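In this note's numbering, each residue's number is its place in the sequence shown (first place is 1) plus 469.
Quick reminder that beta carbons are idealized off the backbone N, C-alpha and C, glycines included.
On a predicted model such as this, the values are computed, not experimentally measured, just so you know.
Here the structure is laid out as structure tokens; the discussion comes afterwards.
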Amino acid sequence: MSPNTLYAHLQVLLQSFQGKELETKSRQVFQLLRAIQKDYSKVEENLGVLGRHVTNSYNTMSSVNQSFTVMGQKLSQTQTLKEPKESDQLTS
């Protein structure tokens, strides 16, 4: 076998090993991509739930704030009332 033929055979073997290594690495990459895709789906679902909670919290805060404002207005109105005199209380 001539040196050139030996070199060509070795090159073929090297390319074959490199191809198998590339195939192994490709499988690992695809496994990682599938795992990342599953994680993405879980995070997306959790973000949806969190978004609904934030929306509900905002709506509840708005409602409570509005009720609190109305209660404050009622309290302010009580300040304009006059206290009854003692004589009015005795006759009642």
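Can you tell me where the alpha helix (DSSP H) with R483 in it begins and where it stops? Sequence check: residue 483 is Leu here, not Arg. DSSP places L483 in the uninterrupted alpha helix (DSSP H) bounded by 472-548.
Classify E555 as helix, strand or coil using the three-state DSSP reduction. helix
Distance between E513 and A504 (C-alpha atoms, nearest Å): 14 angstroms
Are the C-beta of V533 and some C-beta of chain D separated by less than 7 angstroms? Of the chains in the structure shown, none is chain D; there is only one protein chain.
Using the C-alpha atoms, what's the distance from N515 back to R521? Approximately 10 angstroms, taken between the alpha carbons.
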